[in-house]
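Here the structure comes first, spelled out in structure tokens, and everything after it is commentary.
Protein chains: 2
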Amino acid sequence: MLSRFGPLRSLPSFRFLALTPPFPGEYDGPKMLTKVPGPKTLELSKRIDGLQDPRALHFFANYSKSIGNYIVDADDNVMLDTFCQISSLAIGYNHPDLLKAAMSPEFAQAVMNRPALGLMPPTDWPDLMQDSFLQIAPRGLSHVFTAMCGSCANESAFKAAFMAYRHRERGGKPFSEEELSSCMHNKEPGSPKLAILSFEKAFHGRLFGTLSVTRSKPIHKVDIPSFDYWPMSPFPHLMYPLEDHIDENRKEEERCLAVFEDIVQHHPVPIAGIIVEPIQGEGGDNEATPFFFKRLREITKKHGIAMIVDEVQTGFGASGTWWAHELWDLPSPPDMVTFSKKAQASGFYHTLETRPSEAYRNFNTWMGDPIRAFQLRTMINIVKRDDLLNNVKETGAYLKKKLEEIQKRHPDHISRVRGVGNFLAFDTPNVEWRTKMLAMCRDMGVNVGYCGSVSVRLRPTLYFMRKHADIFLTILEDAIKKCK
Amino acid sequence: MLSRFGPLRSLPSFRFLALTPPFPGEYDGPKMLTKVPGPKTLELSKRIDGLQDPRALHFFANYSKSIGNYIVDADDNVMLDTFCQISSLAIGYNHPDLLKAAMSPEFAQAVMNRPALGLMPPTDWPDLMQDSFLQIAPRGLSHVFTAMCGSCANESAFKAAFMAYRHRERGGKPFSEEELSSCMHNKEPGSPKLAILSFEKAFHGRLFGTLSVTRSKPIHKVDIPSFDYWPMSPFPHLMYPLEDHIDENRKEEERCLAVFEDIVQHHPVPIAGIIVEPIQGEGGDNEATPFFFKRLREITKKHGIAMIVDEVQTGFGASGTWWAHELWDLPSPPDMVTFSKKAQASGFYHTLETRPSEAYRNFNTWMGDPIRAFQLRTMINIVKRDDLLNNVKETGAYLKKKLEEIQKRHPDHISRVRGVGNFLAFDTPNVEWRTKMLAMCRDMGVNVGYCGSVSVRLRPTLYFMRKHADIFLTILEDAIKKCK
Numbered sequence: 000m001l002s003r004f005g006p007l008r009s010l011p012s013f014r015f016l017a018l019t020p021p022f023p024g025e026y027d028g029p030k031m032l033t034k035v036p037g038p039k040t041l042e043l044s045k046r047i048d049g050l051q052d053p054r055a056l057h058f059f060a061n062y063s064k065s066i067g068n069y070i071v072d073a074d075d076n077v078m079l080d081t082f083c084q085i086s087s088l089a090i091g092y093n094h095p096d097l098l099k100a101a102m103s104p105e106f107a108q109a110v111m112n113r114p115a116l117g118l119m120p121p122t123d124w125p126d127l128m129q130d131s132f133l134q135i136a137p138r139g140l141s142h143v144f145t146a147m148c149g150s151c152a153n154e155s156a157f158k159a160a161f162m163a164y165r166h167r168e169r170g171g172k173p174f175s176e177e178e179l180s181s182c183m184h185n186k187e188p189g190s191p192k193l194a195i196l197s198f199e200k201a202f203h204g205r206l207f208g209t210l211s212v213t214r215s216k217p218i219h220k221v222d223i224p225s226f227d228y229w230p231m232s233p234f235p236h237l238m239y240p241l242e243d244h245i246d247e248n249r250k251e252e253e254r255c256l257a258v259f260e261d262i263v264q265h266h267p268v269p270i271a272g273i274i275v276e277p278i279q280g281e282g283g284d285n286e287a288t289p290f291f292f293k294r295l296r297e298i299t300k301k302h303g304i305a306m307i308v309d310e311v312q313t314g315f316g317a318s319g320t321w322w323a324h325e326l327w328d329l330p331s332p333p334d335m336v337t338f339s340k341k342a343q344a345s346g347f348y349h350t351l352e353t354r355p356s357e358a359y360r361n362f363n364t365w366m367g368d369p370i371r372a373f374q375l376r377t378m379i380n381i382v383k384r385d386d387l388l389n390n391v392k393e394t395g396a397y398l399k400k401k402l403e404e405i406q407k408r409h410p411d412h413i414s415r416v417r418g419v420g421n422f423l424a425f426d427t428p429n430v431e432w433r434t435k436m437l438a439m440c441r442d443m444g445v446n447v448g449y450c451g452s453v454s455v456r457l458r459p460t461l462y463f464m465r466k467h468a469d470i471f472l473t474i475l476e477d478a479i480k481k482c483k
Numbered sequence: 000m001l002s003r004f005g006p007l008r009s010l011p012s013f014r015f016l017a018l019t020p021p022f023p024g025e026y027d028g029p030k031m032l033t034k035v036p037g038p039k040t041l042e043l044s045k046r047i048d049g050l051q052d053p054r055a056l057h058f059f060a061n062y063s064k065s066i067g068n069y070i071v072d073a074d075d076n077v078m079l080d081t082f083c084q085i086s087s088l089a090i091g092y093n094h095p096d097l098l099k100a101a102m103s104p105e106f107a108q109a110v111m112n113r114p115a116l117g118l119m120p121p122t123d124w125p126d127l128m129q130d131s132f133l134q135i136a137p138r139g140l141s142h143v144f145t146a147m148c149g150s151c152a153n154e155s156a157f158k159a160a161f162m163a164y165r166h167r168e169r170g171g172k173p174f175s176e177e178e179l180s181s182c183m184h185n186k187e188p189g190s191p192k193l194a195i196l197s198f199e200k201a202f203h204g205r206l207f208g209t210l211s212v213t214r215s216k217p218i219h220k221v222d223i224p225s226f227d228y229w230p231m232s233p234f235p236h237l238m239y240p241l242e243d244h245i246d247e248n249r250k251e252e253e254r255c256l257a258v259f260e261d262i263v264q265h266h267p268v269p270i271a272g273i274i275v276e277p278i279q280g281e282g283g284d285n286e287a288t289p290f291f292f293k294r295l296r297e298i299t300k301k302h303g304i305a306m307i308v309d310e311v312q313t314g315f316g317a318s319g320t321w322w323a324h325e326l327w328d329l330p331s332p333p334d335m336v337t338f339s340k341k342a343q344a345s346g347f348y349h350t351l352e353t354r355p356s357e358a359y360r361n362f363n364t365w366m367g368d369p370i371r372a373f374q375l376r377t378m379i380n381i382v383k384r385d386d387l388l389n390n391v392k393e394t395g396a397y398l399k400k401k402l403e404e405i406q407k408r409h410p411d412h413i414s415r416v417r418g419v420g421n422f423l424a425f426d427t428p429n430v431e432w433r434t435k436m437l438a439m440c441r442d443m444g445v446n447v448g449y450c451g452s453v454s455v456r457l458r459p460t461l462y463f464m465r466k467h468a469d470i471f472l473t474i475l476e477d478a479i480k481k482c483k
């Protein structure tokens, strides 16, 4: 199967500004030996069923054989990976710099002596923070709260928003006796009725606070108690191509902003913070324009509401900038920016104003994990050295242009091509067709993810280059044709 | 300072049944060069203040110099560690077996290719689960949900309890249209009003669900919205020594059980699950007898309520058994047992009945981390080979006996010596005296933790031996005398 991609490499050249080095030792293309899931995956799935729920499994992967943009499954099928562990693989599999970093004594000590970072951080922690998180801190946000995962990062950000809101309400005075005693019973005033607002189709996680602001799919939420007084506001549904629908889209965003401002002013429960994704990843890759986000910043600022930008899925380079919200040119920075996934380290950036009034208020045992800061530091060095942000911009632009061409050739099956950087998506006619088409892609050697009700999302590594894009595009169009 | 511990080693021998090998290359005793925090810690604290909240910091630690039961701080002070990263260090610092495991190519690949375990687990995952989690599974619980931290483990267990409860209520029928649409607005019936019951002074975490069941200290809870319909039940306050207060303690437990059963029967919101710690760690090392827990199991079973045992702090050997609840001899296993901290890997054990009705319901990106399962596997091998559970039993018994002797000599300052294995605690007269006395201990070379309002908790490694106990006891009594 490798040979079929030979001709692609001789196509007339698309102009690249940067010359990204290839991923060391990567495969030349997909190589499929069986259908996916293959017999070995099925055997392993049966084995694990006695121990752990296997129903969501796509396949078992052989991570020692996976290299760069290619994932190898238990049946030795080599697939181009455009889903990348649900958008959490920035650099590709088995990058030699990362393996080398992981095998250093410094790393081994950090992994096996995991500290309680809030009590007894390692002596190199200030340097490590400086060389990792602070290297890529969004403008205006120089403080970091470190956590273990994206949901934890978001919930800790909500807590910081609530604490800052109540601190301001108290005028900086200490807690009252009534607050301290009532909170032990989960009652007001100590456990106040305050809300976090989120947007329709948002996904922010699956713990009790984050699930309350997640609005993408019922299967995540049904049967779980939620904060019923946390409001939801509509998120724009844009028409594509954007340049042909400027007026309609502006009108749609103004409609959403009007509802938003109305909720902010009239919701019966005060709103301490809002959380918003730059592009709603799980909910269907729904975008809004910088105009929308600028207005959100203005309105939240005016009403003293914390603006939390959830960059768990969009962050760390996928937009061609370190953070997707850099593309908005906000009048003032967000109050908090949360991260995880591709950054591998999790947490949120914030201002000094959102540091809690006292110690131990936003705290836990591990407070993140230094090894993921090590990994982040190494990844930042790789991205800079290999100019991967420019690679994302250029490969992304090429990929988007080619997807638009495919859309023109198959308008009944592919629509609404959209996205920034290599964080791209398109829509399909319905869920059944999407399922069939993506299974076809996988059997032909490309692992592709979906989102929303009918969308397909691309979440390749930052090393995803034109040669990978061409392989993906050929297989995609092949699958579309076969599924017609 | 080392020399002062010389004489202790020539005391008449306490009979040991097992011969635990010493931790390789460990220090002979504490060695203090400065007060704690020393000048280098203070300098680093100032540096980190611009990046991260430093107010809870005890000291910066030099983890490459820390060995076994000894932690070395930034000022080169060597301290015997009985707090061990808030009870999360099972084996000691820099164990050669763990460092060796961490520096293997297998480990490096696992750490740098972190998988989405629910979608694309590594081919060795079933074997790894078998050799780690399943090796020490509590009786009757052979399924594992893996997570990233203790709070996430507890919240995922709550979700499993809610799903199982509603599934039973629906008689196994599929979700209704109304459930699916209402849950998107956080409203009933899709987002049901159902409760998790917890106990007074319990600590189960700090995210929105776990914080709602945490009842230890207001500083964790104040200003954060909570589930106000989740009830709290009293937890026994026992009198010591236990053998002299059998009748009073039974009466106290019966009082608590009567309130508990009353809440279960009459709480206006149905209770889907309860969560309980074998010993309430953060809340003051409050114990109950097996009688109490057996009755909890009987009552929850009778009313179809999930019993979740939170072994985040008590689990992985501190009780001298793998799990503290093994000491209760329950009539039937708990429905779920959660773990994290010392086990390093996090999650919960459960029965097949508490597996959700469909895929993707209890799910997230990473679903835990294979490297922590690797670490768990290596730690289990060390514990077995070096007979560390017996070491905990024997050292713990010795330590408790000696603490009771100190209590007799200083009855105005030390009371209620209690605990199992090396999970021990005692009370002090008040918080000011405790603060002063523990600071004195630290300056003399022992790092000790506290809990509850006036308690001191010991959380040493499983390698904590009589020689360490003697050093701790000498310094403790010295500090008590100096603080009188």
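One line per chain: the protein sequences are A and B, in this order. Reminder that position 90 of the first sequence reads as 89 in numbering that gives the first Met the number 0, one-by-one numbering, no gaps. Reminder that position 228 of the second sequence reads as 227 in numbering that gives the first Met the number 0, one-by-one numbering, no gaps. Ideal Cβ placement from N, Cα and C applies to all residues, glycine included.
7 Å Cβ cutoff, Ala156 (chain B) in contact with chain A: Interface with chain A (7 Å Cβ-Cβ cutoff): Ala156 (chain B) is excluded.
Taking Ser454 (chain A) as part of the beta strand (DSSP E), name the residues at either end of that continuous run. 454-457 is the extent of the beta strand (DSSP E) around Ser454 (chain A).
Shorter than 7 Å from the beta carbon of Ala257 (chain A) to some beta carbon of chain B? Contacts with chain B at 7 Å (Cβ-Cβ) do not include Ala257 (chain A).
Can you give the Cα-Cα distance for Thr364 (chain B) and Asn248 (chain B), rounded to whole angstroms? Cα-Cα distance, rounded: 46 Å.
Within 6 Å: the Cβ of Lys186 (chain A) and any heavy atom of the ligand ATP? The ligand content of the structure shown is nil, which means the ligand ATP is not present either.
Find out if the Cβ-Cβ distance for the pair Cys83 (chain B), Ser339 (chain B) is shorter than 7 Å. The criterion of a C-beta distance shorter than 7 Å is not satisfied by Cys83 (chain B) and Ser339 (chain B).
Residues sharing a beta bridge with Pro121 (chain B), DSSP: A:Ala60.
Tell me which residues share the same chain as Pro330 (chain A) and place their Cβ nearer than 7 Å to its Cβ, disregarding the 5 neighbours each side in the sequence. Non-local beta-carbon contacts of Pro330 (chain A) in its own chain, meaning distances under 7 Å to residues more than five positions away in sequence, involve Lys293, Arg296, Glu297 in chain order.
Which class does Ala287 (chain A) belong to by DSSP, given the choice of helix, strand or coil? Reduced to three states, the DSSP call for Ala287 (chain A) is coil.
If we cut at 7 Å on Cβ distances, does Tyr26 (chain B) have a partner in chain A? With 7 Å as the cut-off, Tyr26 (chain B) does not count as an interface residue toward chain A.
Quick one: using the 10 Å Cβ neighbour count with 16 as the cut-off for buried, is Ala257 (chain A) buried or exposed? Ala257 (chain A) is classed as exposed because its beta carbon has fewer than 16 other beta carbons within 10 Å across all chains shown.
What first and last residue would you give for the beta strand (DSSP E) that runs through Val391 (chain B)? Unbroken run through Val391 (chain B) is the alpha helix (DSSP H), 387-408; no beta strand (DSSP E).
First through last residue of the alpha helix (DSSP H) which encompasses Phe347 (chain B): It is not in any alpha helix (DSSP H) - Phe347 (chain B) instead sits in the beta strand (DSSP E) that spans 345-349.
Here's the rule I'm using: 16 or more other beta-carbon atoms within 10 Å means buried, otherwise exposed. How should Glu105 (chain A) be labelled? Exposed, since its Cβ has fewer than 16 Cβ neighbours within 10 Å.
Boundaries (first-last residue) of the beta strand (DSSP E) holding Phe362 (chain B): Careful: Phe362 (chain B) lies outside any beta strand (DSSP E) and carries neither H nor E.
Proximal chain A residues relative to Ala60 (chain B), where beta-carbon distance stays under 8 Å: The answer, in chain order, is Pro114, Met119, Pro120, Pro121, Thr122.
C-beta atoms of Val268 (chain B) and Ala156 (chain B) nearer than 7 Å: Taking a C-beta distance under 7 Å as the contact criterion, Val268 (chain B) and Ala156 (chain B) do not qualify as a contact pair.
Hey, could you find the ends of the alpha helix (DSSP H) Gly149 (chain B) is sitting in? In the DSSP assignment, Gly149 (chain B) falls within the alpha helix (DSSP H) that extends over 149-168.
Own chain, CB closer than 6 Å to Phe58 (chain A), minus 5 neighbours either side, in chain order: Same-chain partners within the cutoff: Val35, Pro36, Thr40, Asp72.
Can you give the Cα-Cα distance for Val447 (chain B) and Ser44 (chain A), rounded to whole angstroms? Approximately 46 Å between the Cα atoms of the pair.
So that I know if they touch, is there some Cβ in chain B lying closer than 7 Å to that of Cys182 (chain A)? Yes, Cys182 (chain A) counts as interfacial toward chain B.
Say whether the region 89-104 of chain A touches the region 16-35 of chain B, bearing in mind that this needs 3 or more beta-carbon pairs closer than 8 Å, one atom from each stretch. No, because fewer than three Cβ pairs between the region 89-104 of chain A and the region 16-35 of chain B fall closer than 8 Å, the two stretches do not touch.
Shorter than 7 Å from the beta carbon of Met102 (chain A) to some beta carbon of chain B? At a cut-off of 7 Å, the C-beta of Met102 (chain A) has a neighbouring C-beta in chain B.
Could you give the distance in angstroms between the alpha-carbon of Pro6 (chain B) and the alpha-carbon of Gly28 (chain B)? Any reading at Pro6 (chain B) must be qualified, since the residue scores a pLDDT of 37, below 50, and its modelled position is unreliable; the value itself is stated next. As the crow flies, the alpha-carbon of Pro6 (chain B) is around 12 Å from that of Gly28 (chain B).
Does Gln84 (chain B) get closer than 7 Å to chain A when you measure Cβ to Cβ? With 7 Å as the cut-off, Gln84 (chain B) counts as an interface residue toward chain A.
Residue environment, Thr145 (chain B), which counts as buried when at least 16 other CB atoms sit within 10 Å: Per the 10 Å Cβ criterion, buried.
Around the Cβ of Gln264 (chain A), are there at least 16 other Cβ atoms within 10 angstroms (buried) or fewer (exposed)? It counts as exposed.
For Gln374 (chain B), which residues in chain A fall below 8 Å Cβ to Cβ? Chain A residues near Gln374 (chain B): Val110, Met111.
Endpoints, beta strand (DSSP E) assigned at His219 (chain B): Premise fails: His219 (chain B) lies in the alpha helix (DSSP H), 217-220, not in any beta strand (DSSP E).
Along chain A, in chain order, which residues have C-beta atoms closer than 8 Å to that of Trp229 (chain B)? The CB of Trp229 (chain B) comes closer than 8 Å to the CB of Asn185 in chain A, given here in chain order.
How about Cys151 (chain B) and Val221 (chain A): are their beta carbons less than 7 Å apart? Result no, Cβ atoms of Cys151 (chain B) and Val221 (chain A) do not sit closer than 7 Å.
Is the region 119-132 of chain B in contact with the region 166-176 of chain A, if contact means three or more CB pairs nearer than 8 Å? Counting C-beta pairs closer than 8 Å gives fewer than three between the region 119-132 of chain B and the region 166-176 of chain A, which falls short of the contact rule.
Ile223 (chain A) burial status per 10 Å Cβ neighbour count (16 or more: buried): Classification of Ile223 (chain A): buried, given that the 10 Å Cβ count is 16 or more.
Cβ contact check for the region 122-133 of chain A and the region 375-394 of chain A: 3 or more pairs under 8 Å: Three or more Cβ pairs closer than 8 Å define a contact, and the region 122-133 of chain A meets that threshold against the region 375-394 of chain A.
What does Ser190 (chain A) reach in chain B if we use C-beta pairs closer than 7 Å? Scanning chain B for C-beta atoms nearer than 7 Å to the C-beta of Ser190 (chain A) yields Lys220, Ile223, Pro224, Ser225, Asp227, reported in chain order.
Ordered along the chain, which non-local residues of its own chain (more than five positions away) have a Cβ less than 8 Å from that of Arg8 (chain A)? Because the pLDDT at Arg8 (chain A) is just 41, under 50, the model does not fix this residue reliably, and the point stays unresolved.
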